[in-house]
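Residue numbers (numbering that gives the first Met the number 0): 0 to 146. See structure below.
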Amino acid sequence: MLIASSAYATIVRPLQSLVLLGVILFFIRVLSIATQEMRPPKEESGRRQRRRPLSLAFMEPEAQAGECIEVANPVVLGRGAPSDIVLDDTFLSTQHARFSTDGGDLFIEDLGSRNGSYINAEPVIHRTQLLKGDVIQIGNVILEVVR
C-alpha cells in the first residue's frame, strides 16, 4: 500500500497541477480575446476623426432661414440686451434661452421665459441635451440642430 500511495503522489499530483494551470491559462486567453472584441476599432490613419460640432440653423423667421449659429461658448438668445443674440420677437423674453456645449454635446436651458422653450414640441424643464435633427421653438423662432 505504501508503494501505491507514493506512485500517486509522484505522478497524479503534478498532473492535477498541470491541468489546473491549463484551465487557468485557457480562461485568461478567453478573457483577453473577449476584451479585444469589445474595444472600438483603431482609426486607420492613427488620428482621431474630428466631428463637426452641432450648430443651430434658423427655420423661422423666414428672413433668417438657413443662417446658422455655432455654439462654442454659452450663447443666450432673447428679445433684448444683455442677450448675445437679440431677435425681434415679442413672444421672446429679454433673456429667453441659453445654448451651451459640454464635451462636444449641445445643451439648451430655458431661462425662466414667460412663453417657454420647446424641443420637438416638448417643454424644456431643465438643462437638456440636444441631438442632431431636434427642432427647437422659442417664441416664434424655430431652430433645427444640424452638424
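Every residue, glycine too, gets a C-beta built ideally from N, C-alpha and C.
query	result
Let me know the secondary structure DSSP gives P73 once reduced to three states.	coil
Take Q136 and list the residues in its own chain whose beta-carbon comes closer than 6 Å to its own, dropping the five residues that flank it on each side.	Y117
Exposed or buried, what is H95 when buried is set at 16 or more other beta-carbons lying within 10 Å of its beta-carbon?	buried
Between the alpha carbons of E59 and V140, how many angstroms are there, rounded?	5 Å
How is F25 classed by DSSP in three states: helix, strand or coil?	helix
How would you call S82, buried or exposed, if buried means at least 16 neighbouring beta carbons within 10 angstroms?	buried
Check whether the stretch 88 to 102 and the stretch 64 to 80 are in contact - that is, three or more C-beta pairs closer than 8 Å.	yes
Measure the Cβ-Cβ separation of T100 and P52 and say whether it is below 8 Å.	yes
Am I right that S97 and P122 are in contact with their C-beta atoms under 8 Å? What's the rounded C-beta distance?	Checking the displayed sequence, the identity of residue 97 turns out to be Arg instead of Ser. Rounded, the Cβ-Cβ distance is 16 Å, inconsistent with contact.
Is L55 near V70, with beta carbons less than 8 Å apart?	yes
Please list, in chain order, all residues of the same chain as Q35 whose beta carbon is under 8 Å from its beta carbon, the five residues on each side excluded.	none
Under DSSP, the beta strand (DSSP E) around V123 begins and ends at which residues?	Note, V123: premise wrong, no beta strand (DSSP E); not H, not E.
Just the C-alpha distance for E66 and D109, rounded to the nearest angstrom, thanks.	22 Å
Rounded to whole angstroms, what's the CA-CA distance from I150 to L17? Just pull it up for me.	The chain is shown from 0 up to 146; residue 150 falls before or after that span and cannot be answered.
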